[in-house]
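Residue numbers (the numbering used here): 3 to 110. We put the CB at the ideal spot given by N, CA and C, even for glycine. Because the structure is a prediction, the values reported are computed rather than measured.
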């Protein structure tokens, strides 16, 4: 577990994501997902690079099923950027660090 990445659950979603005072990049993932493991170190780096401008969070879709269902998450990893409590942008699949930074820079 990382100090810079917040692990959230269905029960903490409203407080940790929609009520956050800064944008939240939420990673929908699962332990068994290969691409999810590939993107994990990228998310770690990005969470440090963006610091106070962005909160990176992860939600395990096996343990928390109502939040992925609420946002129509069908494939993982799915990354959803939330700003001001709503969805600002969404990407499905593992991204390289440069792809993720371009996605964030275009939407933050």
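- Exposed is the label assigned to residue 100, since fewer than 16 other Cβ atoms lie within 10 Å of its Cβ.
- Under the 8 Å Cβ criterion, the stretch 6-17 does not count as touching the stretch 75-84, having fewer than three qualifying pairs.
- In the same chain as residue 15, and ignoring 5 residues on each side of it, the C-beta atoms closer than 7 Å to its own belong to 69, in chain order.
- Here the C-alpha atom of residue 64 lies approximately 18 Å from the C-alpha atom of residue 41.
- Around the C-beta of residue 86, fewer than 16 other C-beta atoms lie within 10 Å, and the residue is accordingly described as exposed.
- Shown here for residue 49: same chain residues with a beta carbon closer than 6 Å to its own, the five before and five after excluded, namely 6, 7 and 58 in chain order.
- In this structure, residue 20 lies away from residue 105, with their beta-carbon atoms at least 8 Å apart.
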